[in-house]
Structures are given as C-alpha cells and as structure tokens.
Amino acid sequence: MLVLEESKPIIPYADFAKLDLRVAKILAAEKVDGADKLLKLTISFGNEERILAAGIALHYTPEELVGKKIAVVANLQPRKLRGIESQGMLLAACTPDDSKIVLLVLDNDIPEGSKIS
1165 MLVLEESKPI
1175 IPYADFAKLD
1185 LRVAKILAAE
1195 KVDGADKLLK
1205 LTISFGNEER
1215 ILAAGIALHY
1225 TPEELVGKKI
1235 AVVANLQPRK
1245 LRGIESQGML
1255 LAACTPDDSK
1265 IVLLVLDNDI
1275 PEGSKIS
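So the sequence shown is numbered by this note's numbering: it starts at 1165 and just counts up by one.
And the structure:
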C-alpha cells in the first residue's frame, strides 16, 4: 500500500474553485526531438484545439494516446517547454519516485470540453 508522503498545505475551497478542469480528447501525439520524456499533444475541448507538452514519453507511446479522453487543467498559465508553448496540463497519477505515471482517463463517453468537478 502506498503511504502519503509529505502533503502540500491545506488550501481553501476558493483556491480549488479557481481551477478550470475539463475533458479533452487527444487528437495527435508526437515525440519531441532531443527530449526523452516529452511528448507534444494536440488536444480538443470540442470547440477549441490546444497544444500540451507532457513528460510522459517513457510511459506512453504517441500511438496509444490518440483518441483518449483525459482530464486537463484548462486555465493554467501557458509555459514554454523545449520551444513548445504548453497551453494547459494533463492530470496523471504517479508513484513517489515517478517510476510509474498513469493518465487520468474517463471511463465513459462524455463530450470534450465538459467540466470536471
């Protein structure tokens, strides 16, 4: 059984409510040249497409990601990683040593862009 290690500080609900968590569909995925861990993902929120840079290349091939519906933080400030402007962040679970990373995927169909609460 995994035991919680150091936890982050308790936050008020108002801080959590600032997050815009959405369902996104992965339309395309590709390895990033010169980066062993990074994949460039094209995702769709239904009415909008975005690019995400995700450090999951050691755990997923681009081919197995296309078509998956995932959970994304949609209102995260964009950040450049290896020249790619990442416009959000996917949610994943990982072991304390990052030896295993597993995407949070939806177990039933729901439209892209749906809110997660």
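Note that beta-carbon positions come from the ideal geometry of N, C-alpha and C, so glycine has one too.
CB residue i to CB residue j, shorter than 9 Å?
i     : j     : result
K1233 : I1174 : no
I1190 : A1217 : no
I1280 : H1223 : no
Which class does residue i belong to by DSSP, given the choice of helix, strand or coil?
i     : result
E1276 : coil
A1178 : helix
R1246 : coil
E1194 : strand
L1185 : strand
E1212 : coil
L1240 : coil
L1268 : coil
Which residues mark the beginning and the end of the beta strand (DSSP E) in which residue i is found?
i     : result
A1257 : 1256-1258
A1221 : First-last for A1221: undefined, no H or E at that position.
S1208 : 1203-1208
Within its chain, find whatever has a CB closer than 6 Å to the CB of residue i; leave out the 5 residues flanking it on each side and keep chain order.
i     : result
E1194 : K1204, P1226
A1192 : T1206
If you follow the alpha helix (DSSP H) that residue i is in, where does it begin and where does it stop?
i     : result
L1229 : 1226-1229
Spatial neighbours of residue i within its chain, please: CB distance less than 7 Å, with the 5 preceding and 5 following residues excluded, ordered by chain position.
i     : result
N1211 : G1277
Between residue i and the rest of its own chain, which residues show a CB-CB distance below 8 Å, the 5 nearest in sequence each way excluded?
i     : result
V1230 : I1190, L1191, A1192, A1193
L1183 : V1237, N1239
Assuming residue i contacts residue j under a Cβ cut-off of 8 Å, what Cβ separation, rounded to an integer in Å, is found between them?
i     : j     : result
I1215 : Q1251 : 6 Å
S1208 : A1188 : 6 Å
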